[in-house]
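Let me begin by presenting the structure, written as structure tokens, before commenting on it.
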Amino acid sequence: MEQYIKKVVIVGGGFAGVNLIKKLTNDPRFQVTLVDKNNYHFFPPLLYQVSTAFIENSNISYPFRRMFQHRRNIRFHIGSLIKVNSEENTIETDTGILPYDYLVLSLGTETNYFGMENVKQNALSMKTIRDALKLRDHLLLNMEKAVRAVNKFEKTKYFNIVIAGGGPTGVEIAGMLAEMVHSIGAKDYPEITDRKVNIILIDASPSLLGPMSKKSQEEAANVLTKLGVQIKLNTPVKDYKDGKVLLGNGETIPTNSLIWTSGVIACEVKGLAPEAIGRGRRIIVDEYNTVHSTQNVFAIGDICLQTSDEHYPGGHPQLAQVAIQQGDLLGENLKKMVENKPLRAFHYKNKGSMAIIAKYKAVVDLPKGFFKGFFAWLVWLFIHLIPIASFRNKFTLMFNWFFAFATNDPTLRLIISKEKKKGEEVKKELT
Ligand SMILES: Cc1cc2nc3c(=O)[nH]c(=O)nc-3n(C[C@H](O)[C@H](O)[C@H](O)COP(=O)(O)OP(=O)(O)OC[C@H]3O[C@@H](n4cnc5c(N)ncnc54)[C@H](O)[C@@H]3O)c2cc1C
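Numbered by UniProt numbering, the letters in the sequence shown go through residues 1 to 431 in order.
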């Protein structure tokens, strides 16, 4: 007897969505459609290296259609989710309506500005490939303006780079920028003799690398301080306008560059019951990742809030490993559903967390231990190489790393698109 083929629609091809797809690949019982607003998968942990012109964006991104070649039951649909119509079992995207038997929401998160409109308008975020390229262009263009600036206030603004958010991304980008100031500042900008770039890392909490161990937090603070990064803790950002960052303690910092890595909020999904939306706009799911008050809608990865795991009663941390493991398990559970077998509940296996601070310096927290330094740095590089899509990308990334770390002088510092302020036309910046 011919089996009814289930239509699985997955919205969001990040870690969670792509790992789910791997599980369902070439299983004739499923016709899978991935919907994503971009036509590529990318690797967020290395965005900071793109934004600092250390590696190319193509090293950490990969087109979905290339990824799905020879996967007979997988289709790609470019489009942005507008709404879920759960009564009709359809979703509406800006490029069409798609029917489903099973719907999986894996849209991840977006930058959270905590309601600060000026910060949203004027700061530089670090969430997407577009953000990283925009930040790269901005930082390079900023230096060109700094070279030509004569006004004292303008000069100060160009020479102060403020990073809000002392989590792994903030620490990583601060360390990388500080090293670049030392290694290439004088070589690339010989005109600048009277000033040095100030890198100021700000966090509202009492320590850097909040969720990591005390040892990791102290190591990050020590290494960054030695590199000349100014660290301000217990200091929330309150506003950013007219080229000045206003801090909670009343202090203002003149700057043309506020890099915002302070927080995320789950992407909004319209059409779900209000009771299904929890803290941080995350979608509330049960132990099988089924969305509250639905039967055939699931949410996995950063976008979901699952409180059934006994070790994570407040929900899981929004990390790649959680997304990967949830994608894997949902794939197995969808197969069990069509086989009428009992489902397996999700339990997160914490494999540890790590952050790179500078060249040859990283910290690694394991469930039962901590290590740092050169070996931790090597482990960080290796672990971040494994999930990069395709052998070619792994190879070119390794080559770029080798060249960049060996010379301290990668050659990617190209200003590709001149800046455009949100809502404004492109300005002729250098005339
Ligand atoms: C800069 C940065 C550094 C990070 N570093 C680390 C790290 O070192 N270690 C770690 O464990 N975690 C890290 N994370 C977190 C990690 O990237 C996330 O936990 C992980 O990506 C979550 O996977 P996901 O599949 O849920 O969402 P994502 O990977 O964010 O994927 C979401 C997908 O949904 C798509 N999408 C979004 N909105 C729509 C829409 N409306 N319609 C259609 N498609 C849409 C996006 O294009 C994307 O492809 C970092 C995150 C960032 C931003």
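Every residue gets a Cβ at the ideal spot worked out from N, C-alpha and C, and that includes glycine.
Neighbour-count burial assignment, residue i, 16 or more Cβ in a 10 Å radius
i: Q306; result: buried
i: V150; result: exposed
i: A376; result: buried
i: K427; result: Unreliable placement is indicated for K427, whose pLDDT of 47 sits below 50; no coordinate value is reported for it.
i: A276; result: buried
i: P99; result: exposed
i: E429; result: Note that E429 has pLDDT 46, beneath the 50 cutoff, so the model's placement of it is unreliable and no number is given.
i: R282; result: buried
i: L414; result: exposed
i: G250; result: exposed
i: L397; result: buried
i: E117; result: exposed
i: P168; result: buried
i: P211; result: exposed
i: E87; result: exposed
i: F382; result: exposed
i: G331; result: buried
i: residue 435; result: The first residue shown for the chain is 1 and the last is 431, placing residue 435 beyond what the model contains.
i: N222; result: exposed
i: E310; result: exposed
i: F399; result: exposed
i: I386; result: exposed
i: P45; result: buried
Cα-Cα separation between residue i and residue j, rounded to whole angstroms
i: I253; j: K226; result: 22 Å
i: L224; j: I200; result: 10 Å
i: K215; j: K83; result: 45 Å
i: I356; j: K127; result: 18 Å
i: N289; j: F114; result: 27 Å
i: residue 464; j: R148; result: What is shown of the chain runs 1 to 431, which leaves residue 464 out entirely.
i: Q69; j: N393; result: 17 Å
i: A53; j: L20; result: 32 Å
i: E339; j: N333; result: 10 Å
i: residue 432; j: D239; result: The question about residue 432 has no answer, for the chain in this structure spans 1 to 431.
i: T109; j: K270; result: 15 Å
i: R195; j: R136; result: 21 Å
i: G14; j: G352; result: 20 Å
i: Y4; j: M337; result: 13 Å
i: K157; j: Y48; result: 22 Å
i: I388; j: Y102; result: 28 Å
i: G423; j: K6; result: With a pLDDT of 48 at G423, under the threshold of 50, the predicted position of this residue should be treated as unreliable, though the coordinate-derived value follows. When rounded, the distance between both Cα atoms is 43 Å.
i: P28; j: N73; result: 7 Å
i: M1; j: F346; result: Its pLDDT being 44, under 50, M1 is placed unreliably in this model, and the value from its coordinates should be taken loosely. For M1 and F346, the distance between alpha carbons rounds to 33 Å.
i: N26; j: R71; result: 6 Å
i: K152; j: E191; result: 16 Å
i: G248; j: V162; result: 15 Å
i: E268; j: V285; result: 15 Å
i: residue 444; j: P313; result: Because the chain in this structure spans residues 1 to 431, residue 444 falls outside the shown range and cannot be described.
i: L133; j: N57; result: 8 Å
i: K244; j: H182; result: 25 Å
i: E287; j: P410; result: 46 Å
i: R65; j: Q121; result: 34 Å
i: F298; j: K349; result: 20 Å
Paired residues, beta bridge with residue i - DSSP
i: P254; result: K244
i: I259; result: L124 and I163
i: T109; result: A266
i: S308; result: None; S308 has no bridge partner.
i: D239; result: L246
i: I284; result: L305
i: residue 475; result: Any property of residue 475 remains undetermined from this structure, which presents the chain solely from 1 to 431.
i: I416; result: Answer by DSSP bridge pairing: none, since I416 is not bridged.
Start-to-end residues for the alpha helix (DSSP H) that takes in residue i
i: K335; result: A320 to V338
i: V32; result: Segment F30 to D36 is the beta strand (DSSP E) holding V32; no alpha helix (DSSP H) there.
i: K22; result: F15 to L24
i: F370; result: Not the alpha helix (DSSP H): F370 falls in the beta strand (DSSP E), residues G369 to G373.
i: K394; result: F391 to T407
i: M67; result: F64 to M67
beta-carbon residue i near ligand 2 non-hydrogen atom, thresh 7 Å
i: K244; result: The model depicted lacks ligand 2 and carries ligand 1 instead.
Residue span of the beta strand (DSSP E) that contains residue i, given as start and end
i: P44; result: Element bounds for P44: n/a, residue is neither H nor E.
i: K361; result: K361 to L366
i: M143; result: That residue, M143, is in no beta strand (DSSP E); its alpha helix (DSSP H) goes I129 to R148.
i: A355; result: S353 to A358
i: V11; result: K6 to V11
i: A299; result: V297 to A299
i: K341; result: Here K341 belongs to no beta strand (DSSP E), and DSSP marks it neither H nor E.
i: K232; result: Q230 to K232
Min CB distance residue i to chain C below 8 Å
i: Y48; result: Among the chains of the structure shown, chain C does not appear; only one protein chain is present.
task = Please specify which runs of the beta strand (DSSP E), each continuous and at least 3 residues long, are wholly inside the segment 69-103, giving them in chain order.
result = 74-78, 81-85, 90-93 and 96-99
inquiry  = For a minimum of 4 consecutive residues, which ranges assigned as the alpha helix (DSSP H) are wholly contained in the segment 158-222?
reply    = 168-188
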